[in-house]
Structure formats: structure tokens, C-alpha cells
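Only one structure is covered here, and it is reproduced in the block below.
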Amino acid sequence: MADTKKTAGAFDIRNFIGMLLGLYGIILTLMGLFGDKELEKTGGVNANLWTGLVLLVVSAGFMTWARLRPTVVPDHVEPVPDDATRPAPRKKPKPRHGG
């Protein structure tokens, strides 16, 4: 049997971060190209364009990082024992069969 490792794939948090940064980058880049540049407010720099381009580069970096170094998901994870100090619902005791 092949020794294959399971990875987080699309559920890797770096993919979500990369997609969100990329979406914001696209919006800001388009606003920098086609929107009101308001150069007098930013000292002659098209802030939306440059910020959008930087966000696109950082987004590509996150997506590349997730592709090149994927998060490996373990095959088996031991269940956590019930802890009285844990602020969560308690585990129900298993019913006993045959009496």
C-alpha cells in the first residue's frame, strides 16, 4: 500500500487568506486604474493601485506557500478525555447492555 499523506488541501487556512487578500487586491487595483485617484490626498501616489498590487503579490505568496508546503493531516487523532474544567458539554456515559 502506498504511503500517501492526507493534506488539508482547499481547507488550508493559507488558501482562505490568499483568496481574501487576492479579492481585496483585485478590487483595489481596479479602483486604482478606473476610480477616482485622489492624488492630492496621498501626495501624488495612486494608493489604491499600489496597495492592490502589493495585496495581489502577497496573495500569490500565500497560495504558493500552501501549494509547496501543504499542511499534513494525521491519519488518526486520539480523542480528548473528558475534562471537568473544560467549558463544554460533558460526554454522555455509554449505556451498558445486557444486565
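Add 15 to a position in the sequence shown, counting from 1, and you land on the number used in our numbering.
Note that the Cβ used here is the ideal one computed from N, Cα and C, for glycine as well.
Thr-79 versus Lys-20, Thr-19, Lys-21, Ile-32, residue with shortest Cα-Cα distance: On the sequence shown, position 64 is the one that residue 79 refers to. Cα-wise, what sits closest to Thr-79 is Ile-32.
DSSP bridge partner residues for Lys-21 (one or two, in chain order): Mapped onto the sequence shown, residue 21 falls at position 6. Its beta-bridge partners are Val-88.
Note the first and the last residue of the continuous alpha helix (DSSP H) segment covering Thr-66. By 1-based counting over the sequence shown, the position of residue 66 is 51. Here the alpha helix (DSSP H) through Thr-66 covers 62-83.
Collapsed DSSP secondary structure at Leu-54 in the structure displayed: Stepping through the sequence shown from its first residue, residue 54 is reached at position 39. It is coil, neither helix nor strand.
Thr-44: first and last residue of the uninterrupted alpha helix (DSSP H) it sits in: Mapped onto the sequence shown, residue 44 falls at position 29. Start and end: 28-49.
Reference Leu-115, options Val-88, Trp-65, Leu-45, Phe-77, closest by Cα: A question about residue 115 goes unanswered here, because the residues of the chain that appear run from 16 up to 114.
When the Cα atoms are used, what is the spatial distance from Leu-8 to Ser-74? A question about residue 8 goes unanswered here, because the residues of the chain that appear run from 16 up to 114.
Excluding the 5 residues flanking Gly-50 on each side, which residues of the same chain have their C-beta closer than 8 Å to its C-beta? Here residue 50 refers to the residue found at position 35 when the sequence shown is read from its first residue. Hits under 8 Å: Asn-63.
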